[in-house]
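What follows is a single structure, written as structure tokens, with notes after it.
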Amino acid sequence: MSIIRSQDCPPQPWKNGLGSTREIAIHPEGAGGDDFLWRVSIAEVDSAAPFSSFPGIDRQIALLDGNGFTMTLDDDRVHALATPFAPFAFAGEARVAVTLVDGPTRDFNLMVRRAWARGDIRVWREPGTQIPDPSTVLVYCARGVIDTIEGSLHAGDAWRPSPVSPVKLQHNALALIIRIEPHTT
58 MSIIRSQDCP
68 PQPWKNGLGS
78 TREIAIHPEG
88 AGGDDFLWRV
98 SIAEVDSAAP
108 FSSFPGIDRQ
118 IALLDGNGFT
128 MTLDDDRVHA
138 LATPFAPFAF
148 AGEARVAVTL
158 VDGPTRDFNL
168 MVRRAWARGD
178 IRVWREPGTQ
188 IPDPSTVLVY
198 CARGVIDTIE
208 GSLHAGDAWR
218 PSPVSPVKLQ
228 HNALALIIRI
238 EPHTT
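So the mapping is simple: the working numbering equals the position in the sequence shown, first residue as 1, plus 57.
What follows is the structure, encoded as structure tokens:
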């Protein structure tokens with residue numbers, strides 16, 4: 058079964074040891090922090106700890122819960138991660154300092170090895186049946202209930218779809234769709 062339940066994703070320390078994350082999916086399966094091609098996780102940010110450095114990795118982040126935080130990238134670029142479910146892209150090697158707005162947050166993270174592929178986070182909000190395109194590797198239920206051919210996803214659950222497998226977003230559901238497109242040579 059390719060449904061990933063949130064309770065089956067235990068917390069683990071960030072690469073720099075200053076926070077915690079829950080790995081939802083990694084490719085190839087069993088890869089580590091130095092050899093994954095792509096990785097999806099949920100970070101729990103409860104202090105102003107800097108982000109871990111991931112050279113050669115393209116990252117996207119989206120606020121799930123909380124009031125968000127301000128990111129200062131490489132000491133000069135500032136981004137307020139304050140709008141839920143709005144992906145923000147940045148380079149994994151950027152130095153990222155964080156200032157919490159008002160208390161802890163949880164955020165959704167996509168990391169893709171730049172030399173191998175490009176990836177993105179799409180947001181689906183419309184109720185009804187949709188068919189993920191062939192580059193979709195993960196459907197994450199951020200809110201509500203999403204029905205798949207293998208069962209229902211509730212907030213925090215994810216699904217690794219097979220090609221051309223429909224999903225049905227119930228009323229008020231919100232899905233984060235992870236697409237990965239390997240570079241062609």
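Cβ coordinates follow ideal geometry from the N, Cα and C atoms, glycine included.
- Between the region 145-158 and the region 122-129 there are three or more C-beta pairs closer than 8 Å, enough to call the two in contact.
- Between the alpha carbons of residue 63 and residue 199 lies a gap of roughly 11 Å.
- Distances from the alpha-carbon of residue 237 to those of 98, 131, 194 and 90 put 194 closest.
- Your pair residue 217 and residue 119 does not check out as a contact, with CB atoms roughly 19 Å apart and the cut at 8 Å.
- Within 10 angstroms of the beta-carbon of residue 117 lie 16 or more other beta-carbons, which makes it buried.
- One alpha carbon belongs to residue 65, the other to residue 174, and they sit about 27 Å apart.
- Counted as a single uninterrupted DSSP element, the beta strand (DSSP E) harbouring residue 165 occupies residues 162-170.
- Rounded to the nearest whole angstrom, the C-alpha separation of residue 85 and residue 103 is 30 Å.
- Cα atoms of residue 179 and residue 162: separation of roughly 21 Å, rounded to the nearest angstrom.
- At a cut-off of 4 residues, not a single continuous stretch assigned as alpha helix (DSSP H) sits fully inside the region 74-151.
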